[in-house]
Every structure is written in structure tokens, then in C-alpha cells.
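Structure record follows, encoded as C-alpha cells.
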Amino acid sequence: VNEYKIQQAMSALIRNRTVLVIAHHLQTIRNANQIIVMDKGRLVENGTHAELAAKNGMYCKLLSMQ
5 VNEYKIQQAM SALIRNRTVL VIAHHLQTIR NANQIIVMDK GRLVENGTHA ELAAKNGMYC
65 KLLSMQ
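Written out as C-alpha cells, the structure reads:
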């Protein structure tokens with residue numbers, strides 16, 4: 005099963021629901037309404053993919069590593 009098929013299945017299952025997804029592959033959460041970035045148990049950033057990518061913070065660093 006490839007990443008695209010997993011994304012499609014998840015999209016269908018979570019429609020109109022609140023879902024908490026823990027992801028190491030950021031592509032998995034790219035389309036989330038709200039992304040929360042944690043480091044050592046602390047919330048360090050939150051926002052949409054576009055907002056976090058523009059901040060040049062931890063999320064942006066993680067993106068560049070993938």
C-alpha cells in the first residue's frame with residue numbers, strides 16, 4: 005500500500021470528525037486543519053501547514069529533513 009492510498013482512506017474515514025494523528029512523516033498531516041508541533045512534551049508551534057512552513061521554525065526544519 006502506498007502513501008497516496010493511505011491518505012485517501014484516511015480522508016474518507018475522518019470526514020466530519022475530530023481526529024488526533026501522530027505522525028513522523030509530515031506528508032501524512034500536510035492537509036490537516038490544525039497541526040501541533042511538540043518538542044520534549046511541550047507545544048512549540050501550531051497552525052496550518054502553510055502557516056508553519058512560513059514561520060521557519062521547528063516544523064520547517066523537520067520538513068527540510070524529509
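In terms of the numbering used here, the sequence shown opens at residue 5 and continues consecutively.
All C-beta atoms in this analysis are idealised placements derived from N, C-alpha and C, irrespective of residue type, glycine included.
What would DSSP say about residue i, mapped onto helix, strand or coil?
i	result
residue 39	strand
residue 67	helix
residue 47	strand
residue 27	coil
residue 32	helix
With a cut-off of 8 Å on the beta carbons, I'd call residue i and residue j a contact; round off their distance for me.
i	j	result
residue 8	residue 39	Not a contact, Cβ separation roughly 20 Å.
residue 59	residue 49	7 Å
residue 25	residue 33	6 Å
### Message
I want to know whether the stretch 54 to 62 touches the stretch 8 to 21 - three or more CB-CB distances under 8 Å.
### Response
Too few Cβ pairs lie closer than 8 Å, so no.
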